[in-house]
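The structure appears right after this line, and notes come after that.
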Amino acid sequence: MSLIVHKYGGTSMGSTERITNVAKRVAKWARAGHQMVVVPSAMSGETNRLLALAKELAPSTQSEAYFRELDMLAATGEQASSALLAIALQAQGVESVSYAGWQVPIRTNSAYTKARIESIDDERVRADLEAGRVVIVTGFQGLDELGNITTLGRGGSDTSAVAVAAAMKADECLIFTDVDGVYTTDPRVVPDARRLHTVSFEEMLEMASMGSKVLQIRSVEFAGKYKVKLRVLSSFTPWDIDINIEAKSGTLITFEEDENMEQAIVSGIAFTRDETKVAVLGVPDKPGIAYQILGAVADANIEVDMIIQNISKGGLTDFSFTVNHADYAKTIDLLKNVVVPKLGAQEVVGDTKICKVSIVGIGMRSHVGVASTMFRVLSEEGINIQMISTSEIKTSVVIDEKYMELAVKALHKAFGLDQVQA
Ligand code: ADP
Ligand code: ASP
Ligand code: MG
């Protein structure tokens, strides 16, 4: 008997009809003799709806007390969908029980709206599994050490599922979603995108961190750390599809580079509009400015991505970096009110109309000139590059957001990702 974790995303849980479909699929797996833990997301649109209500009441609040309530609020979405799924399973004649994160408990730190899972107590869940029940555990949420409800950041149910699979040493974690696997790029934007049968863990990590929202980055990190067998597959196949076919469908995240792996130089293109650019202009160029600026930002729990410091002119320099959209207002406030007065800088400017486009592939390690091909393709399209960052297996650029789709389509074609690989 194996222990399997299924995760169903918001679209897959989007109506009572779809929840019934999920219940039938889970019942099929349970009846095939597997112990089943299921992690659902909130019904599609629900998290957005709840967060929009809060914004209506307090359009510009940024306090800790406010973020605490956001988590209290947003966590209800998954509580509702989990109970509904348990009810749907019971209606299929399958014994089932649902637990909110705090009941398991899934323990996290206290970083509201982007908490990190620290530990999971599997005793209660295991006892139910032993008693023959399907256990539903809410995605996206946990409990901090003071007993406050926390959430794990948007798309966080993926991370809940993989973390539960890791804690319970599950045989496999299946991420059911509204596409049938991981594609060379978002198939909604590039219709010619191809599904990858396998993708290496490293590439998936880069793609997720560069914005492919098919898997939340932390879920991939967990899978890597605890070697969780992870597969992304469709929840829109007929629920009664042969379980052996289903078990091999979609995209497998692999940890070894086997000979069957698609050996493209570039395996995928990720992009995101979630980033914004901020710049501190006219900073007196002295040792320690990067630390003073970024230290203050890190202390405020804001993650920084790309960083550029210009060469100084007349003893002054400009320092730019990107942060997530959600942290933009907070970052600008912090720079204006704390950092600028301390450093004697001239001005803070921001730009929310940017995007980041990244090419990812382990083949880039052994091939030179991949980044320059990217820059050539963008220049041929007349797209100006504002920032560049590279790692061994990826190159990212920041460009004006209005060119995002054009850039992604041109790069997808230029790297031959629309061609079926041998
Ligand atoms: P869920 O609600 O199931 O968690 P998400 O909307 O979070 O689903 O993620 C699935 C979506 O990710 C797809 O509908 C697709 O538009 C998008 N996506 C982005 N990049 C990729 C990619 N490389 N491969 C597949 N899907 C991708
Ligand atoms: N419901 C949460 C969100 O919309 C978590 C998730 O769907 O994974 O971000
Ligand atoms: Mg998701």
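Counting in this note's numbering, the sequence shown runs from 307 upward without gaps. We put the beta carbon where it would ideally sit given N, CA and C, even for glycine. Computed from a predicted model, the values in this text were never measured in an experiment.
Proximity test, residue i beta-carbon vs ligand 2 heavy atom, cut-off 7 Å
{"i": "D580", "result": "no"}
{"i": "D460", "result": "According to the sequence shown, residue 460 is Arg rather than Asp. At least one heavy atom of ligand 2 is nearer than 7 Å to the Cβ of R460, so yes."}
{"i": "T353", "result": "yes"}
{"i": "D377", "result": "no"}
{"i": "G448", "result": "no"}
{"i": "E384", "result": "yes"}
{"i": "S347", "result": "yes"}
{"i": "G453", "result": "no"}
{"i": "G445", "result": "yes"}
Residue interval of the alpha helix (DSSP H) (run including residue i)
{"i": "E653", "result": "Careful: E653 lies outside any alpha helix (DSSP H), inside the beta strand (DSSP E) at 653-657."}
{"i": "E686", "result": "676-686"}
{"i": "L379", "result": "370-397"}
{"i": "V646", "result": "646-649"}
{"i": "E362", "result": "352-363"}
{"i": "N550", "result": "549-552"}
{"i": "L572", "result": "Strictly speaking, residue 572 in this sequence is Val, with Leu absent from that position. Neither: V572 is in no alpha helix (DSSP H) and is coded neither H nor E."}
{"i": "T322", "result": "322-337"}
{"i": "S308", "result": "Element bounds for S308: n/a, residue is neither H nor E."}
{"i": "K592", "result": "Per DSSP, K592 belongs to no alpha helix (DSSP H) and is neither H nor E."}
{"i": "M513", "result": "507-515"}
{"i": "K636", "result": "634-640"}
{"i": "L717", "result": "710-720"}
{"i": "F528", "result": "523-532"}
{"i": "S541", "result": "Unbroken run through S541: none, as it is neither H nor E."}
{"i": "T465", "result": "463-473"}
8 Å contact criterion, which residue i and residue j should meet: CB distance rounded
{"i": "I490", "j": "S573", "result": "Here residue 490 turns out to be Thr, not Ile, going by the sequence shown. The Cβ separation is near 7 Å, so the contact holds."}
{"i": "I523", "j": "A529", "result": "Not quite, the Cβ-Cβ distance comes to about 11 Å (not below 8 Å), so this is no contact."}
{"i": "L587", "j": "A651", "result": "7 Å"}
{"i": "K583", "j": "G517", "result": "Wrong, their Cβ atoms sit about 15 Å apart, outside the cutoff."}
{"i": "G667", "j": "I551", "result": "Rounded, the Cβ-Cβ distance is 29 Å, inconsistent with contact."}
{"i": "S387", "j": "M342", "result": "So it is not a contact: roughly 16 Å between Cβ atoms."}
{"i": "V311", "j": "V332", "result": "Wrong, their Cβ atoms sit about 11 Å apart, outside the cutoff."}
{"i": "L521", "j": "V538", "result": "7 Å"}
{"i": "L717", "j": "I547", "result": "Not quite, the Cβ-Cβ distance comes to about 34 Å (not below 8 Å), so this is no contact."}
{"i": "Q598", "j": "V645", "result": "7 Å"}
Cβ-Cβ distance between residue i and residue j below 8 Å
{"i": "K708", "j": "W545", "result": "no"}
{"i": "S664", "j": "T701", "result": "yes"}
{"i": "L458", "j": "I481", "result": "no"}
{"i": "M693", "j": "V676", "result": "no"}
{"i": "D724", "j": "D486", "result": "no"}
{"i": "F373", "j": "Y418", "result": "yes"}
{"i": "F627", "j": "M710", "result": "no"}
{"i": "V589", "j": "L640", "result": "no"}
{"i": "N454", "j": "S402", "result": "no"}
{"i": "G399", "j": "A348", "result": "no"}
{"i": "T317", "j": "D484", "result": "yes"}
{"i": "I559", "j": "F507", "result": "yes"}
{"i": "T414", "j": "G438", "result": "no"}
{"i": "N630", "j": "T623", "result": "no"}
{"i": "L511", "j": "E527", "result": "yes"}
{"i": "G315", "j": "S463", "result": "yes"}
{"i": "M670", "j": "I691", "result": "no"}
{"i": "A720", "j": "T658", "result": "no"}
Cβ-heavy atom distance, residue i to ligand 1, below 7 Å
{"i": "R537", "result": "no"}
{"i": "R324", "result": "no"}
{"i": "D591", "result": "no"}
{"i": "R337", "result": "no"}
{"i": "Y634", "result": "no"}
{"i": "T483", "result": "yes"}
{"i": "G574", "result": "yes"}
{"i": "M513", "result": "yes"}
{"i": "Y489", "result": "yes"}
Near ligand 3: residue i beta-carbon under 7 Å from a heavy atom
{"i": "K519", "result": "yes"}
{"i": "G320", "result": "no"}
{"i": "G315", "result": "yes"}
{"i": "D486", "result": "no"}
{"i": "D492", "result": "no"}
{"i": "D464", "result": "yes"}
Where the beta strand (DSSP E) containing residue i begins and where it ends
{"i": "I608", "result": "No beta strand (DSSP E) contains I608, which DSSP labels as neither H nor E."}
{"i": "S425", "result": "423-426"}
{"i": "E478", "result": "478-483"}
{"i": "D706", "result": "700-706"}
{"i": "T557", "result": "557-560"}
{"i": "V344", "result": "341-346"}
{"i": "V440", "result": "440-443"}
Short CB-CB distance (under 8 Å) between residue i and chain D
{"i": "L363", "result": "Considering every chain present, this structure includes no chain D. It has just one protein chain."}
**OP:** Flag this pair as touching only if the segment 539-559 and the segment 327-344 have three or more C-beta atom pairs under 8 Å; answer yes or no.
**Re:** yes
Original post:
Looking at C-beta atoms only, is the number of pairs between the segment 373-390 and the segment 428-441 that lie closer than 8 Å three or more?
Top reply: Counting Cβ pairs under 8 Å, fewer than three are found: no touch.
Original post:
Should the segment 404-414 be called in touch with the segment 437-451, which here means at least 3 C-beta pairs below 8 Å?
Top reply: yes
Original post:
Do the segment 355-365 and the segment 494-501 make contact, defined as three or more Cβ pairs closer than 8 Å?
Top reply: No: fewer than three Cβ pairs fall under 8 Å.
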